[in-house]
Structures are given as structure tokens and as C-alpha cells.
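The listed protein sequences derive, respectively, from chains A and B.
Each residue of the first sequence is one higher than the one before, starting from 102 at the first, in the numbering used here.
Each residue of the second sequence is one higher than the one before, starting from 35 at the first, in the numbering used here.
C-beta: ideal position from N, C-alpha, C; glycine also.
Some notes on the structure that comes next.
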Amino acid sequence: MGRFIVRRLIQAALSLFGVLTIVFFVVRLTGNPVRLLVPQNASAADIARLTHQLGLDRPLLDQYGTFLVNILHGNLGYSYVQSQPALGIVLGRFPNTVELAISALCFSLVFAIPIGFLTAYFRGKWIERLLMPVVALGQSMPAFWSGILLVLVFAVHWRILPSSGQGGIKALILPSITLGMITLASIARISRVSFLEQLNKDYVRTARTKGASTARVMVVHVFRNALLPVITMVGLEAANLLGGAVITEEIFAWPGIGQLTVQSVQSSDFPVVEAVVLVASAVYILTNLSVDLLYGIIDPRVRIKRVGSR
Amino acid sequence: MQPLEASTMFKATNDLLLDVDELSVGVNVAGREIGVLSNVSFNVGKGEIVGVVGESGCGKSLTALAIIGLLGDNVRITGGTITLDGERISSLSSTQMRKIRGSRIGMIFQEPMVALNPLMRVGRQVKEVLVIHAIGNRKSRKARVLELFRQVGLPDPKLRYRQFPHQLSGGMRQRVMIAMALAAEPKLLIADEPTTALDVTVQAQILDLLEDIRTRLGTSVVLVTHDMGVVSEVADRVVVMYAGQVVESAPVAELFENARHPYSVGLLGSVFGSNFEESSDELPTISGRVPSIGEVPSGCPFEPRCENAIDVCRSDRPPAASVGTNHIVACWSPVELPRMRLFGKGVESS
Ligand SMILES: Nc1ncnc2c1ncn2[C@@H]1O[C@H](COP(=O)(O)OP(=O)(O)O)[C@@H](O)[C@H]1O
Ligand SMILES: [Mg+2]
């Protein structure tokens with residue numbers, strides 16, 4: 102197990118290195134950011150001075166070398182716009198993204214797993230016919246549409262929830278629903294398929310021959326088995342959500358790293374873009390690693406295999 | 035041959051444990067109900083091992099599942115009764131039936147590899163039977179499971195108790211299944227192809243175990259198998275099924291010496307050779323295949339494959355008739371004795 106984790110961490114470091122390299126060169130393809138940083142009437146000399154100050158006049162590979170050395174020291178440079186450390190800016194916004202992601206994930210799980218279970222257990226019955234279209238609807242509504250719809254209904258028409266900003270549970274509700282809707286639909290689908298598959302397994306029949314009630318069969322036997330594939334899906338969704346929700350954060354003016362991404366790309370704030378990508382990737386990789394470890398805890402078969410072979 | 039009254043032999047005595055009487059089962063396929071078992075009758079005495087044999091698809095598993103009340107959503111009993119220890123269990127509510135499963139009837143299956151919950155320690159899976167039926171208390175249950183593990187010949191019970199199914203071999207898993215089925219000391223054990231998925235030496239051990247259980251605990255066993263060889267090892271009596279019907283039933287020695295139904299003769303021939311000697315190089319097989327559901331002919335179901343068939347076989351279903359002590363056969367044109375001469379008529383050499 103320990104060796105497995107070490108290997109995965111080395112892999113993670115390599116992935117991060119690759120991601121940072123790509124992002125470093127891609128942002129520099131967008132042109133000189135200095136033009137966006139100086140006032141409109143700035144002279145060519147001003148621009149040249151600032152360009153030199155930011156080191157953007159040096160050869161690209163030279164810049165890249167410095168970039169790598171700085172990263173090894175945990176330094177991603179200063180924001181061009183806010184003259185604060187880029188990583189600090191991102192980490193300052195990150196808790197907001199975490200708050201929204203967790204809340205959206207909880208919202209979706211609370212509905213998705215029961216929906217998956219009910220539509221599997223009552224397949225062919227009215228419950229399934231009622232819930233499946235709802236799931237399809239949730240999956241096909243893009244956030245920019247469902248978000249604005251929710252704002253219109255709950256913030257503009259009924260005025261019971263704030264339309265934007267952060268602070269308190271109330272402000273969290275609409276963005277969580279908007280963001281969680283699509284996650285909800287995909288997790289509901291996966292759990293439905295998973296429950297359906299487990300219900301036909303031989304061990305379910307064995308449990309029935311013991312005299313187990315349907316409730317016991319479900320809770321004690323089927324549920325844990327059915328959750329295994331769901332956990333993988335939830336992990337991927339969680340990793341996505343933690344990377345920042347660009348559209349939802351924009352709609353609700355939520356100060357997370359999704360919004361920061363848009364702002365920093367728009368203003369060509371290279372160090373912040375790089376820091377956002379670094380943090381989002383690291384979180385993505387770590388989330389998936391924790392899911393794998395969790396899987397190993399729940400499924401004894403995985404535990405053995407890992408120790409033996411990988 | 036005398037025509038037969040509905041059910042037979044043990045009925046009058048106290049030695050009868052299970053009585054399946056004229057059981058018919060229908061499967062709902064796309065809104066239409068198709069009969070898959072028709073008028074299946076047999077019984078099992080206390081402490082008796084009854085083998086239910088037939089090729090795959092003959093309705094053996096459905097018969098077993100009907101007894102324990104676990105027919106699927108689209109399958110239901112359309113006629114007949116099942117009586118366990120004097121109680122008519124075929125008409126019980128699902129809640130009442132649940133109380134019987136595990137406590138008065140235990141069941142094991144063909145695939146011990148997948149019959150256990152992969153995420154639960156096997157000790158707990160066996161203990162669950164005791165929990166469900168509220169037998170014993172927290173402490174005594176574990177002791178009981180360990181004792182069961184010893185009884186079914188699981189080496190190192192304490193270690194096994196904590197292991198997961200994937201850590202056990204196929205044979206050990208089947209022993210766990212048997213321990214589970216016996217946990218509440220049911221009087222009836224249904225074993226559906228319990229040895230089919232196991233290799234030969236393990237097969238023999240499991241069959242020995244079933245026999246041992248019968249001897250020591252007096253448990254009756256319904257042993258479902260497609261293999262006449264398995265039946266010959268342990269069964270006291272044999273029920274031969276074909277296309278959802280019982281075609282012949284007899285004590286095992288009687289069947290092996292005087293099988294009358296051409297299908298039984300064919301099954302025996304395919305295991306033991308025409309002369310019942312296992313040494314013969316090429317075993318004869320019965321040509322053709324079991325009819326699928328919905329294609330069972332209106333006459334004798336075996337008629338299309340039967341070389342003894344006569345005109346009446348095509349038009350009318352043969353009634354069950356007694357042809358000896360405890361020996362019943364449903365055939366218009368049974369194999370005459372002595373069998374040796376006639377062997378091969380109802381059976382085609384491959
Ligand atoms: N749930 C079901 N739905 C439809 N057909 C079924 C079902 N269960 C069994 N059958 C059919 O009933 C017949 C008998 O099946 P089964 O009892 O499993 O045979 P056996 O155990 O003798 O191999 C087969 O033709 C099988 O396809
Ligand atoms: Mg079967």
C-alpha cells in the first residue's frame with residue numbers, strides 16, 4: 102500500500118510538470134500581456150520598460166528555465182495585476198470553490214443515489230417513468246441556462262434567495278443547485294445501472310435464501326456493492342467541481358477559482374493563470390488518488406491485488 | 035401398469051418431509067404466460083437424499099426455486115401444491131415464506147464463486163442467518179459459526195471466519211455455503227448443481243459432506259444435478275425430469291437396474307456407457323436437444339428425440355404409472371426388460 106502511494110505521488114509530480122509546461126507555453130502564445138496592463142496612452146518606451154521588468158523580453162527557454170527553478174522553490178511569481186504572489190491569490194480563492202463544490206456535491210448525492218436506487222428497484226413502474234425524464238432534463242440543461250432560470254424564479258420573482266455573492270447558507274443554495282444538477286444526473290444514471298447490475302447478482306439470491314428481507318438485502322448487501330462504481334464517478338465529479346466552476350461562478354459572482362480563471366485569462370495575468378492550473382491539477386490528481394485509496398478500503402479484492410502486483 | 039393416484043408412497047406415513055404435488059409453473063414472456071413446469075410431483079422423506087436429474091433446461095432449478103419460494107418476478111406457480119412437514123408452503127404470503135427460508139429450508143447453488151457477497155467476511159455471512167432468524171445471542175452466534183465451519187470441514191475456522199470470499203478456494207466457498215444453509219438447522223437442504231463448478235476431487239468431497247450431513251443431522255436433501263454420476267454417488271431416490279415434467283422416478287438402485295423411460299436410459303447410457311461400464315471409450319449421447327420454453331410438444335415432450343416412439347406419443351401426454359415399488363414412469367412405450375438387449379434403441383451412439 103505504501104509503495105503504491107509513493108508510486109502514485111511520483112506519477113502525480115510528473116503529470117503536474119507536464120501540465121505546467123503546457124500552460125507556460127500556451128499562455129505565451131496569446132501575445133504580450135503588457136499592452137493590457139498599461140494605460141491606453143502609454144508610450145512605446147513605457148511598454149518596453151514594463152516588458153523588461155516582467156522578464157518577458159528574455160528568450161522563451163530562458164524564461165521557462167527560471168519558471169521551473171522558481172516553482173521548485175514554491176514560487177509562481179507575482180500577479181501582473183495585483184502585485185501579490187500568484188499562488189497566494191489562488192489559494193485565497195480556493196476555499197470558496199471548495200465550499201461551493203462540497204455543497205453542490207452533497208446536493209447531488211442526496212438526490213442522485215436515492216433516484217438511482219428507486220429507478221433500478223422499481224424498473225418498469227411509475228416511479229421510474231417519473232424520475233428518468235427528470236434526470237434527463239437535469240443532464241441536458243446547461244448551467245448558464247438553469248442558473249439564470251433559478252435566479253429569475255427565486256431571486257427576481259419570489260425574492261427569497263440572493264442572486265449573487267457569497268456569504269451564508271442562503272447564498273450557497275442557488276449556485277449549488279445550478280452546479281450540482283449535471284453531477285446529479287450523471288451520478289443518478291451510474292447508480293441506477295450499478296443497482297440494476299447488483300440486483301441480478303447471485304449473492305442477492307443467496308441472501309434471500311437465508312430469509313433476508315428486501316430491506317436487509319438492499320442495505321446490508323446490495324448497497325455497498327453498488328456503490329463501488331458510483332464512488333469512482335463521484336471522485337471524478339468531485340475533482341471536476343474542485344477545479345472551479347467557470348460558468349456557475351460567473352453567473353452568481355462567486356469568488357472562487359473558476360471566476361479567477363476567467364479574470365486572469367482576460368487580463369493575461371500569466372502567473373495567476375499558471376497558479377490556477379497548478380492548483381486545479383494538483384487537486385484533481387489528489388482527489389483521484391484518494392478515491393483509489395477509498396476503493397481499496399471498501400473492496401477487499403482491490404487491497405490484495407494492489408499489494409501483490411502493481 | 036396401474037394408473038396412479040395424485041401423490042404416492044410416503045404420503046400416509048410420518049416420514050414424509052416434502053411433498054410436491056402436481057406443481058405447475060408459468061413464465062411471463064412479453065405479456066404471455068408460458069408453462070415451464072407441468073404437473074411435477076415427487077416427495078422427499080425425512081433424512082432422504084433425492085436426486086433431481088435431467089439435461090440443462092429441463093426445469094430442475096425452477097422446481098428448486100419454487101420450493102424455496104424464490105421464483106423471479108415474471109415466474110409464478112400456476113397450479114399444484116408444495117407441502118413441507120405437513121404445512122402447505124406454496125400458498126404462504128411472502129413474509130411467512132421468508133421466515134421459512136434459511137430456517138426450515140436451506141439452499142446452495144452451483145457457483146460458489148459468485149454466490150457469496152464479495153465485500154463481506156464469510157463468517158459474518160454465515161452468522162447473518164442466525165441474526166435474521168434471531169437464533170442465539172451475540173456471543174453464541176460466533177461460536178456456532180465456528181462450530182459449523184468445523185462441521186463442514188473448513189480447515190482453520192477462526193482464520194476463515196475473518197476472510198473474504200476471494201481468499202477461499204471454490205471448494206471452501208461451497209463449504210461456507212453449506213455451513214450457511216445449515217446454520218439454522220433446516221430439515222431440508224436444496225442443492226442446485228452443488229458440484230458442477232468444482233473440480234473432480236473437490237466434487238467427491240462435497241458429495242461426501244452432503245451424505246455425512248444427512249447421516250449426522252438427518253437433513254433431507256434435494257440434490258439437483260444434470261449428472262447421473264453424481265446421483266449414483268449419494269442419492270437414495272432419483273426423479274428424472276424432462277422439459278418441465280417428471281418422466282420417471284425410482285429408488286436409485288431400481289433406476290440403475292430397471293430404468294424404463296427411454297430418456298432415463300439415455301441419460302444413464304451417456305454417463306456409464308451402454309453396458310454401464312465406465313471403461314467404454316465412446317459414450318452414447320441422446321440426439322437432439324431439450325425443447326425451449328413454449329416449444330414443448332403437446333404429446334410426450336420426449337417424443338421427437340425418442341426412438342421408441344409410437345403414434346400415441348405424438349398426440350397424448352403419457353400419464354404417470356407405477357411400474358414397481360416406488361417406481362413411477364410416464365411413458366407410452368417404456369423400455370422393456372431386460373434392458374441390455376434393448377439398450378441403444380432409445381439412444382443413438384455417437
Ligand atoms: N426467469 C425466467 N424467465 C424466462 N424463462 C426462464 C426463467 N427461468 C427459467 N426459464 C426457462 O425455463 C426452463 C427451465 O429452466 P431451469 O429450471 O433453469 O432448467 P435447469 O435447471 O434444469 O437447467 C429453461 O428453458 C429456461 O430458459
Ligand atoms: Mg439449473
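(message) Which of the three DSSP states is assigned to Y181 of chain A in this structure?
(response) coil
(message) For chain B, check one thing: does any of its Cβ atoms lie closer than 8 Å to the Cβ of G156 of chain A?
(response) no
(message) Only counting the same chain, and skipping five residues up and downstream in sequence, which positions put a Cβ closer than 8 Å to that of P331 of chain B?
(response) P325, E337, P338, R348
(message) Mapping the DSSP letters down to three states, classify R110 of chain B as helix, strand or coil.
(response) strand
(message) Please list, in chain order, the residues of the stretch 203-219 of chain B that have any C-beta partner in chain A closer than 9 Å.
(response) M211, M214, A215, A217, A218
(request) Return the chain-ordered list of same chain residues with a C-beta closer than 6 Å to the C-beta of G103 of chain B, the five sequence neighbours on each side being excluded. (result) M131
(message) For the alpha helix (DSSP H) containing P285 of chain B, name the first residue and the last one.
(response) Not the alpha helix (DSSP H): P285 of chain B falls in the beta strand (DSSP E), residues 279-285.
(request) Starting from the Cα of L157 of chain A, find the closest Cα among A:R325, A:R129, A:N171, A:F195 and give me that residue. (result) A:R129
(request) Report the three-state DSSP secondary structure of S356 of chain B (helix, strand or coil). (result) strand
(request) From the DSSP output, in three-state form, read off P318 of chain B for me. (result) coil
(message) 8 Å is my cut-off, CB to CB: does R230 of chain A come that close to chain B?
(response) no
(message) Given the structure, does N73 of chain B come close to ligand 1, in the sense that its CB is under 7 Å from one of the ligand's heavy atoms?
(response) no
(message) Threshold first: 4 residues or longer. Then list the alpha helix (DSSP H) segments lying entirely within the stretch 92-148 of chain B, N to C.
(response) 94-102, 128-134
(message) With H, G and I counted as helix, E and B as strand and the rest as coil, what does DSSP make of V324 of chain B?
(response) coil
(message) 8 Å is my cut-off, CB to CB: does F198 of chain B come that close to chain A?
(response) yes
(request) To the nearest angstrom, report how far apart K302 of chain A and A383 of chain A are at their CA atoms. (result) 38 Å
(request) Run down chain B in chain order and give the residues with a C-beta less than 9 Å from the C-beta of G189 of chain A. (result) Going along chain B, no residue has its Cβ under 9 Å from G189 of chain A, so there is no contact; the nearest lies around 44 Å.
(message) So if DSSP puts E267 of chain B in a beta bridge, which residue, or which two residues, is it bridged to?
(response) DSSP lists no partner for E267 of chain B.
(request) Could you tell me whether any Cβ in chain A is nearer than 8 Å to the Cβ of F44 of chain B? (result) In this predicted model, F44 of chain B has a pLDDT of only 45, less than 50, meaning its place in the structure is not dependable; the value taken from the coordinates is given anyway. So, not an interface residue.
(request) Note the first and the last residue of the continuous beta strand (DSSP E) segment covering A225 of chain B. (result) 222-226
(request) Would you decide whether V257 of chain A is buried or exposed? Buried here means 16 or more other CB atoms lie within 10 Å of its CB. (result) exposed
(request) Using beta-carbon positions only, say whether S75 of chain B and V54 of chain B come within less than 8 Å of one another. (result) yes
(request) Using the DSSP secondary-structure output, state which residues sit across from I68 of chain B in a beta bridge. (result) B:V61
(message) Which residues in chain A have a C-beta closer than 8 Å to the C-beta of P152 of chain B? List them in chain order.
(response) Y304, N326, D400, P401, R402
(message) In the DSSP assignment, the alpha helix (DSSP H) including V255 of chain B goes from what residue to what residue?
(response) Unbroken run through V255 of chain B is the beta strand (DSSP E), 254-259; no alpha helix (DSSP H).
(message) Tell me whether the stretch 284-293 of chain A and the stretch 325-336 of chain A touch, counting them as touching only if at least three CB pairs, one residue from each stretch, are closer than 8 Å.
(response) yes
(request) On a CA-only basis, which of B:L164, B:E145, B:T117, B:R207 is nearest A230 of chain B? Give me that one, please. (result) One point to set straight first is that residue 230 of chain B is Thr, not Ala, in the sequence displayed. Selected option, being the one with the closest Cα: B:E145.
(message) For a cutoff of 8 Å on Cβ pairs, would you count F143 of chain B as touching chain A?
(response) yes
(request) Identify whether H361 of chain B lies in helix, strand or coil by the three-state DSSP scheme. (result) strand
(message) For ligand 2, is there any heavy atom lying closer than 7 Å to the beta carbon of F226 of chain B?
(response) Note that residue 226 of chain B is Asp in the sequence shown here, rather than Phe. Yes - ligand 2 has a heavy atom lying nearer than 7 Å to the Cβ of D226 of chain B.
(message) So if DSSP puts I83 of chain B in a beta bridge, which residue, or which two residues, is it bridged to?
(response) B:V255
(request) Look at the alpha carbon of T389 of chain B and the alpha carbon of V63 of chain B, and state the distance between them as a whole number of angstroms. (result) With chain B covering only 35 through 384, there is no way to say anything about residue 389 of chain B.
(request) Pair every Cβ in the stretch 352-365 of chain B with every Cβ in the stretch 279-290 of chain B, then say whether three or more of these pairs are closer than 8 Å. (result) yes
(message) Run through chain A and tell me which residues come within less than 7 Å of A269 of chain B, C-beta to C-beta.
(response) Those within 7 Å of A269 of chain B in chain A number zero; the least Cβ separation is about 22 Å.
(message) Could you compute how far the alpha carbon of V255 of chain B sits from the alpha carbon of V199 of chain A?
(response) 60 Å
(request) Look at M258 of chain B and V265 of chain B and say whether their C-beta atoms are less than 8 Å apart. (result) Here residue 258 of chain B is Val; the residue named in the question, Met, does not match the sequence. Cβ distance not < 8 Å, so V258 of chain B and V265 of chain B don't count as in contact.
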